[in-house]
Amino acid sequence: MKKYIYILLGLLIFSCEDVIDVDLNNAGPKLVIDASINWFKNTTGNDQSVKLSLSAPYFDDAVPPATGAEVRIIKASDAVFIFTEEGTTGIYKNSSFIPQLNETYSLEITYQGETYTATETLKSVVDIDYVEQNDEGGFSGDETELKAFYTDPVDEENYYFFEFISDIPEIPDLEVYDDEFTDGNQIFGFYTEEELEAGDLVTIRNYGVSERFYEFMFILLQQNSEEGGGPFETQPATVRGNCINETNPENFPLGYFRLSEVAELIYTVE
Amino acid sequence: MISIKKSLLLLLSLLFVLNNVFAQEKFTLSGTITDTNSNETLIGVNIIFPDLQTGTNTNEYGFYSISLPEGNYKVQISYLGYSTITETISFSEDKSINYKLAETTESLDEIVIKQDVEKLNIKKPQMSVNALSINTIKQMPVIFGEVDVIKSITLLPGVTNAGEGSSGFNVRGGAVDQNLILLDEATIFNSSHLFGFFSVFNPDAIKDIKLYKGGIPAKYGGRVSSVLDIYQKDGNSNEFHMNGGIGIVSSRLLAEGPIKKGKGSFLFGGRSSYAHLFLPLFDIDNIAYFYDLNTKLSYRLNDNNSIYLSGYFGRDVFNISDSFENTYGNTVVNFRWNHLFSDKLFSNMSLIYSDYYYGLNLDFVEFDWDSGIQNFNFKYDLKHYVNNNFKLEYGLNSIYYKFNPGEIQPSTESSGINPFKLTDKYAFENAVYIDAEHKISDKLSVSYGLRLSSFLRLGQDELNVYENNNPIIFNEELQIYEKAEPIDTENFSRSDVIESFMNLEPRLSLAYQINDNSSVKASYNRMSQYLHLLSNTTSPTPLDVWTPSGKYAKPQLLDQVAVGYFRTFKDNEFSLEVESFYKTIKNRIDYVDGADLIANNAIEQVILNGEARAYGLEVLFRKNEGKFKGWFAYTLSKSEQKTEGRTALETGINNGQWYSTAYDKTHDISLTGSYELNDKWTFGSNFLFQTGQPTTFPNGQYEYNGITIPNYESRNSSRLQSYNRLDISATYNPKPNSTKRWKGEWVFGIYNVYNRRNAASINFGENRMTGRNEATRLAIFGVIPSVSYNFKF
Numbered sequence: 004m005k006k007y008i009y010i011l012l013g014l015l016i017f018s019c020e021d022v023i024d025v026d027l028n029n030a031g032p033k034l035v036i037d038a039s040i041n042w043f044k045n046t047t048g049n050d051q052s053v054k055l056s057l058s059a060p061y062f063d064d065a066v067p068p069a070t071g072a073e074v075r076i077i078k079a080s081d082a083v084f085i086f087t088e089e090g091t092t093g094i095y096k097n098s099s100f101i102p103q104l105n106e107t108y109s110l111e112i113t114y115q116g117e118t119y120t121a122t123e124t125l126k127s128v129v130d131i132d133y134v135e136q137n138d139e140g141g142f143s144g145d146e147t148e149l150k151a152f153y154t155d156p157v158d159e160e161n162y163y164f165f166e167f168i169s170d171i172p173e174i175p176d177l178e179v180y181d182d183e184f185t186d187g188n189q190i191f192g193f194y195t196e197e198e199l200e201a202g203d204l205v206t207i208r209n210y211g212v213s214e215r216f217y218e219f220m221f222i223l224l225q226q227n228s229e230e231g232g233g234p235f236e237t238q239p240a241t242v243r244g245n246c247i248n249e250t251n252p253e254n255f256p257l258g259y260f261r262l263s264e265v266a267e268l269i270y271t272v273e
Numbered sequence: 007m008i009s010i011k012k013s014l015l016l017l018l019s020l021l022f023v024l025n026n027v028f029a030q031e032k033f034t035l036s037g038t039i040t041d042t043n044s045n046e047t048l049i050g051v052n053i054i055f056p057d058l059q060t061g062t063n064t065n066e067y068g069f070y071s072i073s074l075p076e077g078n079y080k081v082q083i084s085y086l087g088y089s090t091i092t093e094t095i096s097f098s099e100d101k102s103i104n105y106k107l108a109e110t111t112e113s114l115d116e117i118v119i120k121q122d123v124e125k126l127n128i129k130k131p132q133m134s135v136n137a138l139s140i141n142t143i144k145q146m147p148v149i150f151g152e153v154d155v156i157k158s159i160t161l162l163p164g165v166t167n168a169g170e171g172s173s174g175f176n177v178r179g180g181a182v183d184q185n186l187i188l189l190d191e192a193t194i195f196n197s198s199h200l201f202g203f204f205s206v207f208n209p210d211a212i213k214d215i216k217l218y219k220g221g222i223p224a225k226y227g228g229r230v231s232s233v234l235d236i237y238q239k240d241g242n243s244n245e246f247h248m249n250g251g252i253g254i255v256s257s258r259l260l261a262e263g264p265i266k267k268g269k270g271s272f273l274f275g276g277r278s279s280y281a282h283l284f285l286p287l288f289d290i291d292n293i294a295y296f297y298d299l300n301t302k303l304s305y306r307l308n309d310n311n312s313i314y315l316s317g318y319f320g321r322d323v324f325n326i327s328d329s330f331e332n333t334y335g336n337t338v339v340n341f342r343w344n345h346l347f348s349d350k351l352f353s354n355m356s357l358i359y360s361d362y363y364y365g366l367n368l369d370f371v372e373f374d375w376d377s378g379i380q381n382f383n384f385k386y387d388l389k390h391y392v393n394n395n396f397k398l399e400y401g402l403n404s405i406y407y408k409f410n411p412g413e414i415q416p417s418t419e420s421s422g423i424n425p426f427k428l429t430d431k432y433a434f435e436n437a438v439y440i441d442a443e444h445k446i447s448d449k450l451s452v453s454y455g456l457r458l459s460s461f462l463r464l465g466q467d468e469l470n471v472y473e474n475n476n477p478i479i480f481n482e483e484l485q486i487y488e489k490a491e492p493i494d495t496e497n498f499s500r501s502d503v504i505e506s507f508m509n510l511e512p513r514l515s516l517a518y519q520i521n522d523n524s525s526v527k528a529s530y531n532r533m534s535q536y537l538h539l540l541s542n543t544t545s546p547t548p549l550d551v552w553t554p555s556g557k558y559a560k561p562q563l564l565d566q567v568a569v570g571y572f573r574t575f576k577d578n579e580f581s582l583e584v585e586s587f588y589k590t591i592k593n594r595i596d597y598v599d600g601a602d603l604i605a606n607n608a609i610e611q612v613i614l615n616g617e618a619r620a621y622g623l624e625v626l627f628r629k630n631e632g633k634f635k636g637w638f639a640y641t642l643s644k645s646e647q648k649t650e651g652r653t654a655l656e657t658g659i660n661n662g663q664w665y666s667t668a669y670d671k672t673h674d675i676s677l678t679g680s681y682e683l684n685d686k687w688t689f690g691s692n693f694l695f696q697t698g699q700p701t702t703f704p705n706g707q708y709e710y711n712g713i714t715i716p717n718y719e720s721r722n723s724s725r726l727q728s729y730n731r732l733d734i735s736a737t738y739n740p741k742p743n744s745t746k747r748w749k750g751e752w753v754f755g756i757y758n759v760y761n762r763r764n765a766a767s768i769n770f771g772e773n774r775m776t777g778r779n780e781a782t783r784l785a786i787f788g789v790i791p792s793v794s795y796n797f798k799f
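As you go down the protein sequences, you meet chains A and B in turn. For what it's worth, our numbering labels the leading residue of the first sequence as 4, then goes sequentially. For what it's worth, our numbering labels the leading residue of the second sequence as 7, then goes sequentially.
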């Protein structure tokens, strides 16, 4: 919600934008941990993967995978799941993972002689109740708006991570919400896209996440978004997730170890 | 506490002794100086006794007072654009003489405009001050032809802003919230319209402005960087007049006239921008406009008493396809009473109410948002003209504040938003001060003063209580700051004092005159600031909220020293001012990475107290007289801040290292000039060059959850490209010698003549369609021509 205010402020500026070349400094590569355990509702949640990569100079076309690591997730000290790499893709898989709500899991990675760890809890999420479509949305009045309604459980702090995936843009639209002002109400995740047409499919996913993930993603999205930046944006900074380098703390990793229950709804645009 | 009382007593007794030492058998000449036509009081008129080599000038209310020995003396009364009065006065008793000055009617052959209000006074100890008359401001080329007080002061040395479309201004490496902006003594909390494109001051209603950058007199307090003192016109008490202007962005109209001829006057001014202007891109119902209303009633009860009632009301309104509505602005009501206790003791009492309101209605997410700050301000200021070598100013000031950090209301019945109120905060700020201007010898003048300020944070509901009083916890493992969970909340009654602060603020300046046309000056001032504008964006936004000092946010404390060399050439045709300053500020709030300040009811969880420092060299070379007038200003400076960890284990902000503030501009050059070709045409021009402002660029990228994330370097370690721009203007007066009542002029301007795309910011992001990383430059104004028509009758 707070983000809309920034976007609006940005829109009101009488301005012109162009893409320019900028010489940037380049920090050395860091390990990037994209360890997202997603337990879709009504599935076993046994098939999970962890993606390891390295950071790269900003204008490089691709980022390199981090291969040859040892990856395991420990479930409250009573089970260990070993993730094995598929070739040299940097994608490490396990097909016998046991998800359990509100259970604490630890991630352990050994990469190039350094050990990285993280601890997180698997968070539950409510279902997506329904989707409302409005074709006269956005600031121009002709964008397609989708509101994915869900009912926030009353009297508890909840944090949500929304993903809207359509075929139109290359990259998914991500949002995070808290329930500070909406506790116990039916409220919605919000998506707007100019070029959506009848028949297009939009995959809507709502992930239950922890407060720390919410804080992490909130900053990350502010810094990534195209609308972001500009004179009204907060000063950007390196965003630290929940993973640490036990061997060499200075060489801290990027990314996050998240475990979520996921509610998914595939919506056909009318 | 004891030491504060002691030093106050000491100071008072010292002043008393001096008072007696300097008292002599002399008579006093005093009075008020006004404009013949309008009866408007004139500020800074020179009253000079050439035989005695002494003189004085009028204060903010047009009053002067001077002591003279018995005898006959010639007096000269001179002021910019006015005919000088020369006469002989014989003194054998105290006299009160009110002078009326007539505006010079310029003829083609003889154009001599002396900018007396701006004249460099090399004798007075006051330094680091720049005065601009509204006439000078009106001759500067400006964007869209909109005359702008704030934009004009950024052409002075030591003053910059964070770029086009940024609110406010920065003085000597200070932040925007560290400027005290006074309109007829009332505090203005937000000086910008349309997110900083225009300032809130209607130029037609303004008489003079004065900017103090250092050596700030003890009369002023509450902000640590600067004081911008703006005086509104009183209104014409002789005849009814109107003036106004039609521009491409806004139009103005101002009416003034007598309530009772020669005694009382009124002034009503209005200004409004045109709707739709800023949103031409969408062919739907968008509204964006601003308006201002200025009013003033003045009444001179008798020679010893005058009263003034002035008001200001301004709003910005945005409405975007009814889904987003935003209104914000300032309101000021001000009653003042000038009273002369004697011909040597002038007093002014002010009762001021001011507020700043910010409202937002987001229909598409179904909620309303309100926030604001209200304050009641009482000031009592006395000027005591003890004798020609010794003047005293003393007084007191009390301000009561109510802060509404925000309130959320669902705007529809079906809205999923719960009503929520951020806790209101209350505070009481008090100060007493005394300031002496003391001419010790023909060569040496000193001004010294002391301000004792106190701040009481009053009781509120739901004040968070934290374990070990620590609202922000450092997570050593992840090396990040995290919010602490409150363990309890406390409720107080309004009359409770939760936290109190007291500061003694000494002020000192001295001037040593080397010869008739050069002097050196030095100053020191300590100041405290109890309010903080919460803003962690590159440029402040209208929805930033003010917060009072309290348990977790300590008052900002400034120490500044400045030295300067001042010189006039060719009988003041040219002047040169060179100053160097160094200042440090304690308890500058800084925000942890990614701190979210909007609708945050527990700001203490995301801030740390740091420090700031700035130093620099300023050069101002001015040509004050003749057909060509103007100045060259150069500033070389550095402005930095640092927030260290509270313990050795914490990293602090930016690893506890000094980093450049967003308004650190190493080099800042401005050239401004106007040339009167003949009585029909006047030309003006500005050129600006500034080092690019500090910014934070990515030094890498990574992929997470299907999106590319830029990874950023340490704060403000890169810079935007340098900023430069040339503006020109021409003013055409079609009938300069017309005797008709109606007088009109055309102002043509071109802003950013060579269409430089100065970057306001560079954003890094993924192109949504191609998925590739891009750097996008946001340039706000390209070349912009403008035309406006001004009239008066």
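Even for Gly, the Cβ is constructed at its ideal location relative to N, Cα and C. Given the structure is predicted, the values throughout are model-derived calculations rather than measurements.
Problem set entry | Same chain, Cβ closer than 7 Å to Gln707 (chain B), five either side skipped, listed in chain order | Thr714, Ile715, Pro716, Asn717 and Asn779
Exercise. Are the segment 210-230 of chain B and the segment 39-56 of chain B touching, with three or more C-beta to C-beta distances below 8 Å?
Worked result: yes
Exercise. Are the C-beta of Asn367 (chain B) and some C-beta of chain A separated by less than 8 Å?
Worked result: no
Exercise. Do the CB positions of Ser501 (chain B) and Ser460 (chain B) come within less than 8 Å of each other?
Worked result: no
Exercise. Going by beta carbon distance, what residues of the same chain come within less than 8 Å of Asn481 (chain B), once the five residues before and after it are set aside?
Worked result: Tyr487 and Glu488
Exercise. Around the C-beta of Ser197 (chain B), are 16 or more other C-beta atoms found within 10 angstroms, so that it is buried, or is it exposed?
Worked result: buried
For this session: Write down the C-beta distance between Ala270 (chain B) and Arg229 (chain B) rounded to the nearest angstrom, noting that I regard them as a contact closer than 8 Å.
Result: Residue identity differs from the one stated: residue 270 (chain B) is Gly in this sequence, not Ala. Not a contact, Cβ separation roughly 34 Å.
For this session: Please report how far the alpha carbon of Ala807 (chain B) lies from the alpha carbon of Gly651 (chain B), in whole angstroms.
Result: The structure shown does not extend to residue 807 (chain B), since chain B is modelled only from 7 to 799, so the question has no answer here.
Problem set entry | Close-in-space but distant-in-sequence residues of the same chain around Pro791 (chain B) (CB under 6 Å, 5 per side omitted) | Ile756
Problem set entry | Residues near Tyr530 (chain B) in its chain [Cβ-Cβ closer than 6 Å; skip 5 each side] | Leu514 and Val567
Problem set entry | Contacts that Tyr718 (chain B) makes with chain A (C-beta to C-beta distance below 8 Å) | Gln226, Pro239, Ala240 and Thr241
Problem set entry | Coil, strand or helix - Tyr217 (chain A) by DSSP | helix
For this session: Could you name each continuous beta strand (DSSP E) segment of 3 residues or more that falls completely within the segment 453-528 of chain B, going from the start of the chain to the end?
Result: 469-471, 478-481, 486-489, 494-496 and 503-521
Exercise. Where are the beta strand (DSSP E) runs, 3 residues long or more, that stay fully inside the segment 21-90 of chain B, in chain order?
Worked result: 33-41, 52-55, 60-63, 69-74 and 77-84
Problem set entry | Short CB-CB distance (under 8 Å) between Glu772 (chain B) and chain A | yes
For this session: Tell me, please, whether the CB atom of Phe175 (chain B) is closer than 8 Å to any CB atom in chain A?
Result: no
Exercise. Closer than 7 Å, Cβ to any Cβ of chain A: which residues of the segment 393-427 of chain B, in chain order?
Worked result: Ile414, Gly422, Ile423, Asn424 and Phe426
For this session: Go ahead and label Tyr760 (chain B) buried or exposed: buried means 16 or more other beta carbons lie within 10 angstroms of its beta carbon, across all protein chains shown.
Result: exposed
For this session: Check each residue of the segment 101-118 of chain A: if its Cβ is closer than 8 Å to any Cβ of chain B, include it; give the result in chain order.
Result: none
For this session: Please classify Gln238 (chain A): does DSSP put it in a helix, a strand, or coil?
Result: coil
Exercise. Can you tell which of B:Val338, B:Asn249 and B:Pro264 has its C-alpha closest to the C-alpha of Gln380 (chain B)?
Worked result: B:Val338
Problem set entry | Chain-order list of residues whose beta-carbon lies under 7 Å from that of Gly140 (chain A) (same chain, five-residue window excluded) | Glu146, Thr147, Glu148 and Thr195
For this session: List the endpoints of the continuous alpha helix (DSSP H) containing Val155 (chain B).
Result: Val155 to Ile159
Exercise. Taking the continuous beta strand (DSSP E) assigned at Thr142 (chain B), which residues delimit it?
Worked result: From DSSP, Thr142 (chain B) is part of no beta strand (DSSP E) but of the alpha helix (DSSP H) over Ile140 to Gln145.
Problem set entry | Ala30 (chain A): contacting residues in chain B (beta-carbon distance under 8 Å) | Asn705, Gly706, Asn717 and Glu719
Exercise. With a CB to CB cut of under 7 Å and the five nearest residues on each side skipped, what residues in its chain are close to Ile595 (chain B)?
Worked result: His538, Ala559, Ile613 and Asn615
For this session: For Gln696 (chain B), I'd like the list of residues in its chain whose CB is within less than 8 Å of its CB, leaving aside the five on either flank, ordered along the chain.
Result: Thr166, Lys671, His673, Asp674, Ile675, Ser728, Tyr729 and Asn730
Exercise. Would a check of beta-carbon distances place Val205 (chain A) closer than 8 Å to chain B?
Worked result: no
For this session: Specify the secondary structure class of Ile236 (chain B) as computed by DSSP and reduced to three states.
Result: strand
Exercise. Whose CA, out of A:Ser58, A:Ser52, A:Asp63 and A:Thr122, lies closest to the CA of Glu88 (chain A)?
Worked result: A:Ser52
Problem set entry | Range of the contiguous beta strand (DSSP E) that encloses Ser767 (chain B) | Ala765 to Glu772
Exercise. Got a sec: which bits of the segment 173-189 of chain A sit with their beta carbon under 8 Å from any beta carbon on chain B, in order along the chain?
Worked result: Glu173, Ile174, Pro175, Leu177, Glu183, Phe184, Thr185, Asp186, Gly187, Asn188 and Gln189
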